[in-house]
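*Asks:* Attaching a single structure in structure tokens format; questions to follow.
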Amino acid sequence: MGVDYYKILQVDKNAKDDDLKKAYRKLAMKWHPDKNPNNKKEAEAKFKQISEAYEVLSDPQKRAIYDQYGEEALKGQVPPPDAGGPGGTTFFHTGEGPNIFRFNPRNANDIFAEFFGHSSPFDGMGGGLGGMRGSSMFGSMFGDDIFSAFGEGRPTSSVPRKATPIERTLPCSLEELYKGTTKKMKISREIADASGKTIAVEEILTIDIKPGWKKGTKITFPEKGNEQPGVIPSDLVFIIDEKPHSAFTRDGNDLVVTQKISLAEALTGYTVHLTTLDGRTLTIPINNVIHPTYEEIVPKEGMPIPKDPSKRGNLRIKFNIRFPTRLTAEQKTGIKKLLAS
838 MGVDYYKILQ VDKNAKDDDL KKAYRKLAMK WHPDKNPNNK KEAEAKFKQI
888 SEAYEVLSDP QKRAIYDQYG EEALKGQVPP PDAGGPGGTT FFHTGEGPNI
938 FRFNPRNAND IFAEFFGHSS PFDGMGGGLG GMRGSSMFGS MFGDDIFSAF
988 GEGRPTSSVP RKATPIERTL PCSLEELYKG TTKKMKISRE IADASGKTIA
1038 VEEILTIDIK PGWKKGTKIT FPEKGNEQPG VIPSDLVFII DEKPHSAFTR
1088 DGNDLVVTQK ISLAEALTGY TVHLTTLDGR TLTIPINNVI HPTYEEIVPK
1138 EGMPIPKDPS KRGNLRIKFN IRFPTRLTAE QKTGIKKLLA S
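First residue of the sequence shown? That's 838 in my numbering, and the numbers climb one at a time after it.
What follows is the structure in structure tokens.
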């Protein structure tokens, strides 16, 4: 049978058109001479074989002749099943016998250009390779490295570029981040109408703030930037920022509050009264001696945990102890006696 085209493409004899395309795409990218500068001679030979195999097997008439008679039939040694053929296929009459089938393999670079210029995996190229022939097209379309255009290198100008994301800060109060809320954001942008003209429009975007979201959380609205010819509109990104709170600060999923107390309260006991971010009142008695680094931990009274809002961090109560600026001799003596005992 001569050359085994099925073996070259690494497909079986029942391979369908999609199977052939997948096989050709993989092998052509692997063995293209431009991608094998250190092994160019072998790569050129394999690339040519792969292209010829794909050309034959992807054409129903050539494949039928090949399956029935083998490679020799494609070289004009066996009459074809039908007369006439497209592409590199020609028929001629010798005057002495039946019509002879003559297959002239096409240029491997032409096949590569047509495949990657129009095949669906590379629709983003816009068919830019169509109609171009020969290896010289690679430099003009893609620079020195054609493979960069197919995701294996730097992007090229023939691929529509994505505009840089537009980032905007979205300030939220600690109460909003605690309970969750919905914000409406009005934006103005330019879009292209059916005729290609740009018109200014206004849109209202709805942002659902989830309980427990943190500063730095990003909410992305894809392609909500201005529309421009040849450019994919930018994404609009809102970044959560946390407004300062009069009582609480946030530390991860914990809430931290600082209470100012006197030295006498620190030594004799103190009761904390707090209003939570959702409006409840907490009363927390402390009977321990409160020293400057003391923290009272109240479990599950912190911020909701975003992945499971039913769980919460802790409330940590710190203390700022006010010491007296001066003591009388009598007070000092009394304190000494008290502490000495």
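Heads up, the beta-carbon is just placed ideally off N, CA and C, and yes, glycines get one too. Remember, predicted model here, so these are calculated numbers, not experimental data.
Taking the CB atoms as reference points, tell me whether residue 1046 and residue 1109 lie closer together than 8 angstroms.
*Replies:* Cβ atoms of residue 1046 and residue 1109: not closer than 8 angstroms.
*Asks:* Smallest Cα separation from residue 1072: which of 1011, 1004, 1136 and 1080?
*Replies:* Closest option to residue 1072, Cα to Cα, is 1004.
*Asks:* Looking at residue 1085: is its Cβ nearer than 8 angstroms to the Cβ of residue 1114?
*Replies:* For residue 1085 and residue 1114, yes; Cβs fall inside 8 angstroms.
*Asks:* Please classify residue 1070: is it buried, with 16 or more other beta-carbons within 10 angstroms of its beta-carbon, or exposed?
*Replies:* Flag for residue 1070 reads buried.
*Asks:* How long is the line joining the alpha carbons of residue 1012 and residue 1156, rounded to whole angstroms?
*Replies:* Distance between the alpha carbons of residue 1012 and residue 1156: 23 angstroms.
*Asks:* If I measure Cβ to Cβ from residue 1061 and keep anything under 6 angstroms in the same chain, skipping five residues before and after, which residues do I get?
*Replies:* Closer than 6 angstroms at the Cβ level, and outside the excluded window around residue 1061, lie 1073.
*Asks:* Please return the same chain residues whose Cβ sits closer than 7 angstroms to the Cβ of residue 1146, not counting the five positions on each side in sequence.
*Replies:* Taken in chain order, the residues that qualify are 1048 and 1049.
*Asks:* Return yes when the Cβ of residue 1134 is within less than 8 angstroms of the Cβ of residue 1180, no when it is not.
*Replies:* Lying outside 838 to 1178, the shown extent of the chain, residue 1180 is not represented and no answer is given.
*Asks:* Short check: CB of residue 1090 to CB of residue 1053, under 8 angstroms?
*Replies:* No; because the gap between Cβ atoms is not below 8 angstroms, this pair is not in contact.
*Asks:* Given a threshold of 16 other Cβ atoms within 10 Å of its Cβ, counted over all protein chains shown, does residue 1068 qualify as buried or as exposed?
*Replies:* By the neighbour-count rule (16 or more Cβ atoms within 10 Å), residue 1068 is not buried but exposed.
*Asks:* So for residue 1158, helix, strand or coil by DSSP?
*Replies:* DSSP places residue 1158 in strand when its eight states are reduced to three.
*Asks:* Which of the three DSSP states, helix, strand or coil, is assigned to residue 1002?
*Replies:* Looking at residue 1002 - three-state DSSP - the assignment turns out to be coil, as it is neither helix nor strand.
*Asks:* Give the straight-line distance between the Cα atoms of residue 1104 and residue 1095, rounded to the nearest whole angstrom.
*Replies:* The alpha-carbon atoms of residue 1104 and residue 1095 are separated by roughly 17 angstroms.
*Asks:* List the endpoints of the continuous alpha helix (DSSP H) containing residue 906.
*Replies:* Its alpha helix (DSSP H) spans residues 897–906.
*Asks:* Tell me whether residue 814 is buried or exposed, calling it buried when 16 or more other Cβ atoms sit within 10 Å of its Cβ.
*Replies:* This structure cannot speak to residue 814, because the chain is shown only from 838 to 1178.
*Asks:* Pick from 855, 1064, 869 and 1111: whose alpha carbon is nearest that of residue 1026?
*Replies:* The residue with the shortest Cα to Cα distance from residue 1026 is 1064.
*Asks:* Look up residue 1131 in the DSSP assignment and say whether it is helix, strand or coil.
*Replies:* Three-state result, residue 1131: coil.
*Asks:* Smallest Cα separation from residue 839: which of 945, 906, 1167 and 1098?
*Replies:* Comparing Cα positions, the closest option is 906.
*Asks:* Do residue 1076 and residue 1175 have their beta-carbon atoms positioned less than 8 angstroms apart in this structure?
*Replies:* It is not a contact, given that the beta carbons lie outside the stated cut-off.
*Asks:* What do you get for residue 977, buried or exposed, if any count of 16 or more other CB atoms within 10 angstroms of its CB means buried?
*Replies:* Summary for residue 977: the model assigns pLDDT 36, below 50, so the residue's position carries little reliability; its value from the coordinates is reported in the next sentence. Exposed, since its Cβ has fewer than 16 Cβ neighbours within 10 Å.
*Asks:* Around the Cβ of residue 1111, are there at least 16 other Cβ atoms within 10 angstroms (buried) or fewer (exposed)?
*Replies:* Buried, since its Cβ has 16 or more Cβ neighbours within 10 Å.
*Asks:* Quick one: residues in its chain with C-beta nearer than 6 angstroms to the C-beta of residue 1010, no 5 flanking neighbours on either side, listed in chain order?
*Replies:* Cβ neighbours of residue 1010 beyond the five flanking positions: 1080.
*Asks:* Quick check: what's the CA-CA separation for residue 872 versus residue 866?
*Replies:* Approximately 8 angstroms, taken between the alpha carbons.
*Asks:* Pull up the distance between the alpha-carbon of residue 1035 and that of residue 1024, whole angstroms please.
*Replies:* Residue 1035 and residue 1024: Cα-Cα distance of roughly 16 angstroms.
*Asks:* Could you give the C-beta distance for residue 892 and residue 942, rounded to a whole number, given that I count them as a contact under 8 angstroms?
*Replies:* Going by Cβ atoms, the distance from residue 892 to residue 942 rounds to 6 angstroms, so yes, they are a contact pair.
*Asks:* What is the residue span of the beta strand (DSSP E) that residue 1138 lies within?
*Replies:* Residue 1138 -> no beta strand (DSSP E), and no H or E assigned at all.
*Asks:* Go ahead and label residue 1141 buried or exposed: buried means 16 or more other beta carbons lie within 10 angstroms of its beta carbon, across all protein chains shown.
*Replies:* With 16 or more other Cβ atoms within 10 Å, it is buried.
*Asks:* DSSP beta-bridge partners for residue 1121?
*Replies:* DSSP lists 1109 as partners of residue 1121.
*Asks:* Does the separation of the CB atoms of residue 1092 and residue 1150 fall below 8 angstroms?
*Replies:* Their beta carbons are under 8 angstroms apart, which means residue 1092 touches residue 1150 by this criterion.
*Asks:* Between residue 1038 and residue 1098, what straight-line distance do the alpha-carbon atoms span, to the nearest angstrom?
*Replies:* One C-alpha to the other measures close to 57 angstroms.
*Asks:* Can you have a look at residue 1051 and say buried or exposed, based on whether 16 or more other CB atoms are within 10 angstroms of its CB?
*Replies:* The residue is exposed, with fewer than 16 neighbouring Cβ atoms inside 10 Å.
*Asks:* Short check: CB of residue 845 to CB of residue 890, under 8 angstroms?
*Replies:* Contact flag set, yes.
*Asks:* Would the beta-carbon of residue 895 fall within 8 angstroms of that of residue 854?
*Replies:* For residue 895 and residue 854, yes; Cβs fall inside 8 angstroms.
*Asks:* Can you tell me whether residue 1114 is helix, strand or coil according to DSSP?
*Replies:* Coil at residue 1114, not helix or strand.
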